[in-house]
Amino acid sequence: MTIAIAIVGYGKIAEDQHVPAILGNPAFRLAASVSRRRAGPPGVPAFASIADLRASGLKIDAVALCSTPVERPAAAFEALDAGWHVLMEKPPAATLSAARQIVAAAEAAGRTLFAGWHCRFAPAVPAAKALLAGRRIDSLLIDWREDVRKWHPGQQWIWEPGGFGVFDPGINGLSVLSEILPVDIAVAAARLETPANRQTPIAARLEFSGPGIPAGAHGLFDWREPDDRWNIRIGFEGHDLLLTHGGSRLMVDGMEQPVPDEGEYPPLYRRFAELVTQGGSEVDLRPLQLVADAFLLGERVTVAPFD
Ligand code: NAP
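Residue 227 in the working numbering sits at position 222 of the sequence shown, with consecutive numbering throughout.
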């Protein structure tokens, strides 16, 4: 059975990644798009709201929710009420309580809910996880930096409450870290640098703790870095593991490891198709929990305005 899927929220990630991944996967048919501001992909029926899509009577099996995290819960409730399966872009919601409500709504509706952490589908992540399984962790650094002007041009919602600031990309690193580590991590302390004219941080430092987490384990997140750096470095039992390019490349003791040459979204959509076919759901809220804890514990520092 082909899954008739609609994209809800036609912004940067929908256009750049979701449309090609859906068109490249024979398990799916791109049946519609929903956007208030933009027409969808050429030749695909476009609607201004989920209500309009429902009213059209078009056959839809699933939706990919690609709007902002603050908007995700209402869209998810509406989609589940319509009887559709739901794929959520990261982060699944702006708060843990709302994310849990979506999980409960999906269970009540008996529909598939997939919280897709796209970076977990980066090609080198499974190999890194396999290498670390059952191992002692000796050191840990997550270094996640990029230029906000390059990657988020004109996006205002990232600076508003619920927009996550530097944790919009930073949660990707935390999704990989929580996937590959053989032990659970917690945030022990945080320092959040927020521009004087903004609501969300432009940079952050997190200290990690927990059984099996070595002293000094920490994370650096910065949106003022001209050169992208999406790295995780882990020392384990005398070895050095370095994941770079957001989980696309893996070095062990300085030697590059062979990994499949594939993007993140094709395997993410394959997983969604599997879940729909099997009647299962997959939702891991740990990355969102870590960010929430950083906001709960974080020391606030005001830095220069960002324009
Ligand atoms: P975006 O280009 O800003 O668009 C996302 C949606 O936000 C749009 O579909 C639009 O809804 C709504 N929107 C856009 N501008 C708005 C405004 N000024 N006021 C209110 N709503 C506005 O965002 P995006 O980069 O695609 O990110 C969407 C989600 O994907 C986020 O959760 C993000 O974390 C995630 N994501 C982004 C990237 C990336 O590289 N950009 C990568 C992976 C995941 P309408 O379509 O209804 O107009």
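No residue lacks a Cβ here, since even glycine has one placed at the ideal position from N, Cα and C. Quick caveat: nothing in here was measured; it's all calculated off a predicted structure.
Check whether residue i and residue j have beta carbons under 9 angstroms apart
{"i": "residue 67", "j": "residue 11", "result": "yes"}
{"i": "residue 293", "j": "residue 98", "result": "yes"}
{"i": "residue 29", "j": "residue 130", "result": "no"}
{"i": "residue 303", "j": "residue 141", "result": "no"}
{"i": "residue 80", "j": "residue 14", "result": "yes"}
{"i": "residue 137", "j": "residue 246", "result": "yes"}
{"i": "residue 222", "j": "residue 295", "result": "no"}
{"i": "residue 235", "j": "residue 148", "result": "yes"}
{"i": "residue 204", "j": "residue 166", "result": "yes"}
{"i": "residue 190", "j": "residue 213", "result": "yes"}
{"i": "residue 118", "j": "residue 108", "result": "yes"}
{"i": "residue 134", "j": "residue 83", "result": "no"}
{"i": "residue 200", "j": "residue 311", "result": "yes"}
{"i": "residue 178", "j": "residue 237", "result": "yes"}
{"i": "residue 41", "j": "residue 56", "result": "no"}
{"i": "residue 90", "j": "residue 270", "result": "no"}
{"i": "residue 34", "j": "residue 7", "result": "yes"}
{"i": "residue 125", "j": "residue 180", "result": "yes"}
Identified DSSP bridge partners for residue i
{"i": "residue 372", "result": "Since the first and last residues shown for the chain are 6 and 312, residue 372 lies out of range."}
{"i": "residue 213", "result": "192"}
{"i": "residue 261", "result": "256"}
{"i": "residue 126", "result": "Answer is none; residue 126 lacks a bridge partner."}
{"i": "residue 249", "result": "254"}
{"i": "residue 234", "result": "150"}
Check: residue i C-beta below 8 angstroms from any heavy atom of ligand 1
{"i": "residue 173", "result": "yes"}
{"i": "residue 79", "result": "no"}
{"i": "residue 76", "result": "yes"}
{"i": "residue 289", "result": "no"}
{"i": "residue 245", "result": "no"}
{"i": "residue 16", "result": "yes"}
{"i": "residue 253", "result": "no"}
{"i": "residue 276", "result": "no"}
{"i": "residue 39", "result": "yes"}
{"i": "residue 230", "result": "no"}
{"i": "residue 317", "result": "Only positions 6 to 312 of the chain appear in the structure, and residue 317 is not among them; the question remains open."}
{"i": "residue 134", "result": "no"}
{"i": "residue 73", "result": "yes"}
{"i": "residue 212", "result": "no"}
{"i": "residue 345", "result": "Past the boundaries of the shown model lies residue 345; the chain is included only from 6 to 312, so the question cannot be answered."}
{"i": "residue 184", "result": "no"}
Cβ of residue i within 9 angstroms of any chain B Cβ
{"i": "residue 129", "result": "Judged by its chain identifiers, the structure shown contains no chain B, having just a single protein chain."}
Quiz item: What beta strand (DSSP E) runs, 3 residues minimum, are completely inside the segment 145-203?
Solution: Under the rule that a run must span 3 or more residues, the beta strand (DSSP E) segments found entirely inside the segment 145-203 read 191-200.
Practice problem: Scan the segment 63-121 and note each continuous alpha helix (DSSP H) run of 4 residues or more that stays entirely inside, going in chain order. | Solution: Counting only unbroken stretches of 4 or more residues, the alpha helix (DSSP H) elements lying wholly within the segment 63-121 are 77-86 and 101-114, in sequence order.
Quiz item: Which residue spans inside the segment 23-60 form an unbroken alpha helix (DSSP H) run of at least 4?
Solution: 24-28, all fully within the segment 23-60.
Exercise. Quick one: which unbroken alpha helix (DSSP H) runs of 4-plus residues sit fully inside the segment 269-310? Chain order, please.
Key: Taking only runs of at least 4 residues, the alpha helix (DSSP H) segments lying wholly in the segment 269-310 are 270-283 and 291-302.
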